[in-house]
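For the sequence shown, our numbering begins at 977 and goes up steadily by one. Backbone N, C-alpha and C define an ideal beta-carbon position, used for all residues, glycine too. Note that the coordinates shown come from a computational prediction; the quantities given were computed from them, not determined experimentally. Some notes on the structure that comes next.
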Amino acid sequence: MAAVSEIAPDVFRISTFVPDFNLQFNQFLVRDEEPLLFHTGPRAMFAVVRDAVATLLDPAKVKWIGFSHLEADECGTLHEWQQLAPASTAVCSLVGKLVSIDDFMAVRPSKGMQDGEVLTTGRYRFRFLHTPHVPHCWEAGLLFEETQRTLFCSDLFHQDGDVEASTHSDVLDRCRQVLVEYQQGPLANYVPYSTLTAPTLHRLAGLQPKTLATMHGSAYIGDGSRALHDLASMYKEVLGPTL
Ligand SMILES: [Fe+2]
Ligand SMILES: [Fe+2]
977 MAAVSEIAPD VFRISTFVPD FNLQFNQFLV RDEEPLLFHT GPRAMFAVVR DAVATLLDPA
1037 KVKWIGFSHL EADECGTLHE WQQLAPASTA VCSLVGKLVS IDDFMAVRPS KGMQDGEVLT
1097 TGRYRFRFLH TPHVPHCWEA GLLFEETQRT LFCSDLFHQD GDVEASTHSD VLDRCRQVLV
1157 EYQQGPLANY VPYSTLTAPT LHRLAGLQPK TLATMHGSAY IGDGSRALHD LASMYKEVLG
1217 PTL
């Protein structure tokens, strides 16, 4: 059973801890006139996520299904969700739509967002940021909810463990620990370090988010701008060129 908590007004974090991976998988439901689910979770979690959403609203009423990039934990049950919610539309980057999503994932044509485009769901406004290779994958993008300043940041700020739903404490040490450990095992190079990495993170910092809604770990509530600048420094230190 998933743990559900409200991390920002009408933003609910649905979290399932998988002990074998020592990892939480979080999805976010935004309760608005046109409800938005960000991340579907992988197929093994479909029933768990659906049942958690049902405690908040009728899952068949979900209108938007958003995600950052093509991966099971991001959009693995897009097909199932679109069958359950007959008016739902996937929302992703234009690259995602053109290259993969409409071809083999979406039941109906997806909404391919261009950088800076805004999706309004009622009271809330989601600005789309195209962030190629941040956290990873060409088609990667993020949503920033402008009225409450919540950044849905996918794998950025990934932390391991069965941690609290949200925290006001710095999570950077936890993030660093994950990257360092992953680099030493079969999951090495989870996060690429490219010429786009630092500029993208600094650009996201310019949004001045108040809440960083991460897929794995605690949502960070506080100075999101500073956290993103710090994340850029940490990525450079752990993943950047050594010369
Ligand atoms: Fe990912
Ligand atoms: Fe992920």
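So for residue i, helix, strand or coil by DSSP?
i, result
"A1189", "strand"
"L951", "The structure shown does not extend to residue 951, since the chain spans only 977 to 1219, so no value can be given for it."
"F1014", "strand"
"G1200", "helix"
"F1022", "helix"
"V1167", "coil"
"T1097", "coil"
"M1089", "strand"
"A1195", "strand"
"H1106", "strand"
"Q1153", "helix"
"D1147", "Residue 1147 is actually Val in this sequence, not Asp. Coil."
"S1209", "helix"
"A979", "strand"
"V987", "strand"
"C1068", "strand"
"W1114", "coil"
"F1128", "strand"
"T1218", "coil"
"Q1000", "strand"
"V1075", "helix"
"L1060", "helix"
Can you check which of these residues, the options, is closest to residue i by C-alpha distance?
i, options, result
"P1133", "V980, L1070, T1190, A978", "Checking the sequence, you will find Phe at residue 1133 rather than Pro. Per the Cα distances, T1190."
"A1063", "V1038, V994, C1129, V1110", "V1038"
"V987", "A1174, R1125, R1152, G1137", "R1125"
"Q1003", "E982, E1009, F1102", "E982"
"K1087", "A1174, L1127, S1044, V1156", "S1044"
"R1202", "H1144, F1104, Y1158, V1139", "H1144"
"E1010", "F1102, L1054, L1070", "F1102"
"L999", "Y1211, R1150, T1187", "R1150"
"Y1211", "V1110, G1042, L1119, E1122", "V1110"
"P1018", "G1198, V1083, T992, P1035", "T992"
"E1157", "D1136, F1104, L1119", "D1136"
Check whether the Cβ of residue i lies closer than 6 Å to any heavy atom of ligand 2, and answer yes or no.
i, result
"M977", "no"
"D1294", "In the structure as shown, the chain starts at 977 and stops at 1219, and residue 1294 therefore has no counterpart that could be examined."
"M1021", "no"
"M1191", "yes"
Could you tell me whether any non-hydrogen atom of ligand 1 is closer than 6 Å to the CB of residue i?
i, result
"D1136", "no"
"D1008", "no"
"D1027", "no"
"D1091", "no"
"D1131", "yes"
By a C-beta neighbour count over all protein chains shown, 10 Å radius and 16 as the cutoff for buried, is residue i buried or exposed?
i, result
"R989", "buried"
"S1130", "buried"
"Q1160", "exposed"
"W1114", "exposed"
"E1050", "buried"
"T964", "Lying before the first or after the last residue shown, residue 964 is absent from the chain, which here runs from 977 to 1219."
"A1030", "exposed"
"Q1090", "exposed"
"G1092", "exposed"
Within the 7 Å Cβ cut-off, does residue i reach chain D?
i, result
"F1133", "Given the protein chain composition of this structure (a single chain), no chain D is represented."
Practice problem: Would you check if the stretch 1022-1031 and the stretch 1151-1169 touch, i.e. whether three or more CB-CB distances between them fall below 8 Å? | Solution: no
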